[in-house]
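Counting in the numbering used here, the sequence shown runs from 79 upward without gaps.
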Amino acid sequence: MSTIRCLIAVAASKHWPLFQLDVNNAFLHGDLKEEVYMQMPEGVPNPNNKVCRLIKSIYGLKQASRQWHEKLLTALESQGFVQSKYDYSLFIHRTDTDINIAAVYVDDIILTGTNIAKLDELKAYLHKEFSIKDLGYLNYFLGIEVGYTADGIILTQKKFTKELLTGCGFDVSKRTITPLPLNLKLSKSDGDSYADTEQYRSIVGKLNFLTHTRPDLSYAVQYLSQFLQDPRQPRVTALHHTLRYLAHTEGQGILLKATDNISLQAFSDSDWATCPDSRRSVTGYILLLGGSPISWKSKKQNTVSKSSAEAEY
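Below, the structure written as structure tokens:
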């Protein structure tokens with residue numbers, strides 16, 4: 079997702095249009111290299127009890143996603159696009175005067191760049207090769223809503239947030255203004271066991287998905303994720319607090335600014351030995367491109383630091 083956010087941030091700053099494509103039955107386009115056999119589908123007459131030898135990488139095969147990616151890679155390279163060495167899902171076509179970019183997530187493709195004619199040419203070629211849906215301007219991608227304003231491009235997850243709050247099973251009517259209670263410190267042995275462990279794990283997993291557009295939730299999700307194995311009552315109370323904060327801030331997201339200054343900035347910080355069980359520290363960082371957040375993380379360090387300076391550096 080960092081690559082997608084970075085691409086959209088660049089497009090916002092350069093005022094490039096963003097288009098979205100969806101490939102129909104993507105995995106069926108891949109060609110199998112191995113010999114793979116399948117039993118005949120139920121209901122098909124098969125008096126001799128024969129089996130099928132597969133030619134295409136149908137859904138469900140271990141090779142399916144790999145073969146589809148190879149097929150798409152060949153198609154994009156034939157149109158002059160070069161695969162990025164830093165992110166294999168990013169493809170760039172560059173000339174002396176133009177640059178066009180394709181970002182791929184399985185069967186979803188985002189296109190942007192300076193040469194609209196080249197992008198239209200690519201759309202026509204891909205439709206001829208694979209059959210695609212041209213979804214027009216990018217407005218919804220991987221559960222993320224994309225909005226356009228004079229200030230830039232806004233990424234939110236309103237629909238997913240609403241579904242999460244509706245189905246979480248907690249009363250979130252009393253709002254909070256922080257993702258976690260202030261000065262919260264929980265130990266693994268605190269409190270009684272919580273019966274519905276699957277509910278806790280499911281909600282934390284959904285909150286983790288929300289961090290794609292909500293960096294303010296990163297620390298809370300990192301903290302709550304430490305207790306997935308044994309979510310005792312105090313941790314569930316902390317989770318309830320996070321859900322009430324989410325209800326209070328429903329609809330918030332990130333703004334990728336339309337600015338001429340696209341310099342890269344990085345900020346990081348760390349606490350020191352705050353975990354009561356392991357005494358390990360937590361590091362957080364955020365990267366800004368033109369003042370727009372493109373990458374962030376909150377993570378517990380792997381080792382114990384002997385000083386606050388060591389924890390930070």
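Heads up, the beta-carbon is just placed ideally off N, CA and C, and yes, glycines get one too. Small disclaimer: the values here were computed from a predicted structure and weren't measured.
Counting C-beta pairs with one atom in each stretch, the stretch 245-264 and the stretch 131-146 have fewer than three that are closer than 8 angstroms, which means they do not touch. Segment contact: the stretch 267-287 against the stretch 301-317, three or more CB-CB distances shorter than 8 angstroms; contact assigned. Burial check for Leu-342: the Cβ neighbour count within 10 Å stays below 16, so the residue is exposed. For Pro-371, the uninterrupted beta strand (DSSP E) segment begins and ends at 370-378.
If only complete runs of 4 or more residues are kept, the stretch 130-192 shows the alpha helix (DSSP H) at 142-156, in order along the chain. Distance from Leu-150 to Val-182 at the Cβ level is roughly 7 angstroms; contact confirmed, criterion being Cβ atoms closer than 8 angstroms.
C-alpha of Leu-306 to C-alpha of Leu-334: approximately 33 angstroms in a straight line. For Glu-199, the enclosing alpha helix (DSSP H) covers residues 194-208.
Exclusion of the five residues before and after Asp-176 leaves Gly-191, Thr-192, Asn-193 and Lys-196 as the residues of its chain whose Cβ lies within less than 8 angstroms of its Cβ. C-alpha of Gly-283 to C-alpha of His-319: approximately 16 angstroms in a straight line. Taking 8 angstroms as the upper bound for CB-CB distance, Ser-348 and Ser-356 are not in contact here, some 15 angstroms apart.
The continuous stretches of beta strand (DSSP E) do not include Lys-236, which lies in the alpha helix (DSSP H) extending over residues 236-245.
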